[in-house]
Amino acid sequence: MTQSYCVNYFGPFSIIAPDGSDVTPKASKAKGLLAMLCEVSEMRRGRRWLEGHLWSDRSSVQASGSLRQTLSEVRNCFAAHPEAFNADRLNVWLDPNFIETDLDAARDDALHERDLLEGLEIRDDKFKGWLNSFKARHGQNPERTQNLSSPIKTNEIKIRAVQTERGTTIEQITGNVIADQVAKSIEEHLSAGRFDTSLTYPPNLAPDLEVHCNVAKDGDKSIIFLQVHHGQNGRILFSGHRSIAGYLSEAISADVVQGLVHSAVSKVNHRMSSVFDLNRPEVAASGYFSLGLRSLSRFDPKNLNDAQNHFESAHETDPNGVYLAWRAFSRMAQLVEGPGNERQAHLEEVKQLTSDTLQNSSDNGLAVALVALTRIMLEKDLNEPTELARRAILWNENNLFARQTLAVAHSAVGDTEKAYQISKACQNSIAQDELGHLWDLYHSLVCISSGRFDEARKAAARSANMAPTFAAPRRQLIALCASAGDIENARIHLKALQKIENDFSLDRYLNDVDYPARSLRNSGLLNAMKNVDLEE
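Add 2 to the 1-based position in the sequence shown for my numbering, that's all there is to it.
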């Protein structure tokens with residue numbers, strides 16, 4: 003059969019095209035989907051069945067969106083013969099005339115020495131159940147490659163959200179939900195996985211992190227007490243509390259609680275490499291990631307380049323797609339802060355990095371939010387990145403990066419009041435961290451778009467004070483101060499920006515449509531400045 007694709011199950015899953023090229027998709031769930039399709043004789047599965055085995059912990063809307071992303075990647079594998087792969091609103095299928103597998107009877111006995119689907123790890127209990135049944139159907143004991151009494155990967159940070167038994171039923175439920183939200187957010191930032199709280203693990207496979215949250219009602223207020231412990235020795239890595247008014251059922255989505263979740267995740271991220279074994283790739287990668295965030299936060303040319311290198315080292319150490327997203331974001335920041343002589347090459351790199359991120363981590367809310375924000379800041383057509391931002395917030399409404407991205411997205415497409423409401427809520431949630439000035443910058447942009455110039459000025463001033471070498475808030479402050487009649491401070495920020503940007507000119511700032519001041523230009527602030535004398 004001259005046009006056959008060879009699908010290999012023994013050893014690492016792979017697909018070899020008729021011309022001999024390896025067209026295996028990169029994402030684990032794309033591989034899993036193809037593995038489940040090619041095993042059955044008709045090579046057809048229902049869309050809902052696939053969603054239920056790859057995204058069983060997602061809502062139907064989220065699962066459908068993830069499946070669409072995965073199908074796009076699978077189609078790329080068969081680009082040379084598009085008729086080999088098809089899908090409609092009910093089913094997904096391959097044409098068996100184009101497919102050969104090494105599951106056929108005529109196999110080299112040497113294949114039996116290899117495990118089926120070596121190294122294919124998908125964090126979904128339904129898929130794991132299918133995988134064990136698949137191995138049994140094809141004569142391989144699942145215990146050969148997996149100790150079923152220890153269902154934990156060894157190359158990820160293991161998290162358990164401990165179920166509290168203190169308090170009333172509603173207090174227990176609220177505490178348990180908040181603990182799970184923290185675990186979920188950590189899972190998005192690092193190579194981590196959440197595990198069943200009811201299981202008992204042997205000491206060598208005990209969770210790395212345990213999240214505890216207790217809630218107590220006191221009159222018309224409730225106290226939320228959150229801790230994250232080292233799973234083996236009990237060392238406290240984060241401890242914090244918040245007091246909120248109103249019904250406990252509303253606490254789960256309250257701004258102050260989302261800020262508590264954000265603070266916990268930020269603190270734990272930075273402490274991982276100091277409390278766990280750096281010989282573990284996922285831990286070493288978290289160390290590079292922490293260094294990258296600290297470099298990124300300074301937003302000057304040298305540190306942005308350092309951030310790019312740290313994120314690249316994190317991905318080389320542990321190929322988690324979220325590190326690709328951070329690489330794309332930091333490269334975007336370099337382009338916005340100072341395009342330099344490599345603008346086109348960097349734009350192409352960002353395009354590739356964001357594409358790879360969506361292929362590898364299309365179900366990671368943080369990664370998708372970073373891609374959306376990166377593209378919003380660089381592209382003219384904002385419909386697709388805005389849709390990505392909406393998808394990110396559906397996956398994790400407590401991810402502040404996703405929420406702020408959604409605010410910027412609404413602002414960019416003209417829904418300025420909705421943008422302001424989301425951004426203002428983010429301001430109420432955000433505790434101080436290394437990216438606090440970034441949150442203020444984006445809030446300032448949203449306020450400018452909605453005509454709230456005084457609030458925009460205050461947010462931009464906070465951002466500039468926290469990061470003196472950050473050019474973006476200075477750009478805003480020149481126009482915002484001038485529009486308020488504060489010419490003296492407009493001149494101060496102009497001089498500061500001239501020191502940060504060696505090639506800065508007032509003419510370029512006011513008249514060059516490619517200069518990174520889109521919100522100021524759209525608001526009319528730059529046009530109004532053309533009659534203002536800022537030169538001393």
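Built from N, CA and C at the ideal position, the CB exists for glycine as well.
Next item on the list: Tell me, to the nearest whole angstrom, how far the beta carbon of aspartate 59 is from that of aspartate 126; I am working on the premise that it is less than 8 Å.
Entry: That pair is a contact at about 7 Å.
Note to self: Check for me: the alpha helix (DSSP H) holding glycine 221 runs from which residue to which?
What the structure shows: Premise fails: glycine 221 is in no alpha helix (DSSP H) and is neither H nor E.
Checklist line | Option in Asn178, Gln361, Ala247 and Cys483 with minimal Cα separation from leucine 77 | finding: Position check: residue 77 holds arginine in this sequence, whereas leucine was assumed. Among Asn178, Gln361, Ala247 and Cys483, the Cα nearest to that of arginine 77 is on Gln361.
Notebook entry, point to check: Is the beta carbon of valine 373 less than 8 Å from the beta carbon of histidine 191?
Noted result: no
Next item on the list: Please determine, among Thr471, Gln64, His55 and Arg459, the residue with the shortest C-alpha to C-alpha distance to arginine 392.
Entry: Considering only alpha carbons, the answer is Gln64.
Notebook entry, point to check: Can the beta-carbon of alanine 498 be found closer than 8 Å to that of tyrosine 511?
Noted result: no
Next item on the list: Mind checking who isoleucine 17 pairs with in its DSSP beta bridge?
Entry: Val9
Notebook entry, point to check: Would you call the segment 98-107 and the segment 391-409 touching, i.e. three or more CB-CB distances under 8 Å?
Noted result: no
Notebook entry, point to check: Which stretch, first to last residue, makes up the beta strand (DSSP E) that contains asparagine 467?
Noted result: Per DSSP, asparagine 467 belongs to no beta strand (DSSP E); it is in the alpha helix (DSSP H), 455-468.
Check: Should valine 448 and serine 413 be called a contact, given that it needs their Cβ atoms to be closer than 8 Å?
Finding: yes
Check: Around the C-beta of serine 43, are 16 or more other C-beta atoms found within 10 angstroms, so that it is buried, or is it exposed?
Finding: exposed
Notebook entry, point to check: If proline 14 and glycine 131 are in contact, beta carbons under 8 Å, what's the gap, nearest whole angstrom?
Noted result: With 8 Å as the limit, proline 14 and glycine 131 do not qualify as a contact, their Cβ atoms being about 21 Å apart.
Margin query: Count Cβ pairs between the segment 266-276 and the segment 305-322 that sit closer than 8 Å; are there 3 or more?
Written below: Put simply, the segment 266-276 does not touch the segment 305-322. Fewer than three CB pairs are less than 8 Å apart.
Next item on the list: With a cut-off of 8 Å on the beta carbons, I'd call serine 431 and histidine 264 a contact; round off their distance for me.
Entry: 6 Å
Notebook entry, point to check: Distance, Cα to Cα, glutamine 71 vs lysine 219?
Noted result: 43 Å
Check: Hey, glutamate 53 and leucine 35: beta-carbon distance below 8 Å or not?
Finding: no
Next item on the list: Can you give me the start and stop residues for the beta strand (DSSP E) that leucine 293 sits inside?
Entry: That residue, leucine 293, is in no beta strand (DSSP E); its alpha helix (DSSP H) goes 283-298.
Check: By Cβ distance below 8 Å, which residues in the same chain neighbour asparagine 178 in space, the five residues on each side in sequence not counted?
Finding: Ala163, Gln165, Thr166 and Cys215
Note to self: Less than 8 Å between the beta carbons of leucine 380 and valine 352, yes or no?
What the structure shows: yes
Margin query: Which same chain residues end up closer than 6 Å to arginine 116 when comparing Cβ atoms and leaving out the 5 residues on each side of it in sequence?
Written below: Phe12 and Gly13
Next item on the list: Starting from the Cα of alanine 462, find the closest Cα among Asn281, Gln478, Arg454 and Ile502 and give me that residue.
Entry: Gln478
Notebook entry, point to check: Could you give the distance in angstroms between the alpha-carbon of leucine 326 and the alpha-carbon of glycine 487?
Noted result: 44 Å
Notebook entry, point to check: Nearest to valine 277 by CA position, among Gln310, Phe240, Leu528 and Ala247, is which residue?
Noted result: Phe240
Next item on the list: Drop a sphere of 10 angstroms on the beta-carbon of glutamate 212, count the other beta-carbons inside from all chains shown, and report buried for 16 or more, exposed for fewer.
Entry: Burial is judged here by how many other beta carbons sit within 10 angstroms of a residue's own beta carbon; glutamate 212 has at least 16 and is buried.
Margin query: Here's a check: name, in chain order, each residue in its chain whose Cβ is nearer than 6 Å to the Cβ of phenylalanine 80, leaving out the five neighbours to either side.
Written below: Ala86 and Phe87
Note to self: Tell me the rounded alpha-carbon separation between alanine 286 and asparagine 529.
What the structure shows: 50 Å
Checklist line | Proximity of arginine 47 and methionine 38 at Cβ, strictly below 8 Å | finding: In contact: arginine 47 and methionine 38 (Cβ atoms closer than 8 Å).
Checklist line | Cα-Cα separation, glutamine 429 to leucine 408 | finding: 14 Å
Note to self: Between which residues of its own chain and alanine 421 is the CB-CB distance below 6 Å, once the five residues before and five after are set aside?
What the structure shows: Ala409, His412, Ser413 and Val448
Note to self: Taking 8 Å as the threshold (C-beta atoms), are tyrosine 290 and alanine 330 in contact?
What the structure shows: no
Check: Given a threshold of 16 other Cβ atoms within 10 Å of its Cβ, counted over all protein chains shown, does isoleucine 17 qualify as buried or as exposed?
Finding: buried
Margin query: Short of 6 Å in beta carbon distance, which residues of its chain neighbour threonine 156, apart from the five on each side in sequence? Order them along the chain.
Written below: Residue placement at threonine 156 is poorly supported in this model, since its pLDDT is 45, which falls under 50; the coordinates are not used for a value here.
Checklist line | Beta-carbon separation (whole angstroms), leucine 228 vs leucine 262, contact threshold 8 Å | finding: 6 Å
Margin query: Tell me the residue span of the beta strand (DSSP E) that contains histidine 243.
Written below: 238-247
Note to self: Can you tell me whether threonine 171 is buried or exposed? The criterion is at least 16 other CB atoms within 10 Å of its CB, across all chains shown.
What the structure shows: exposed
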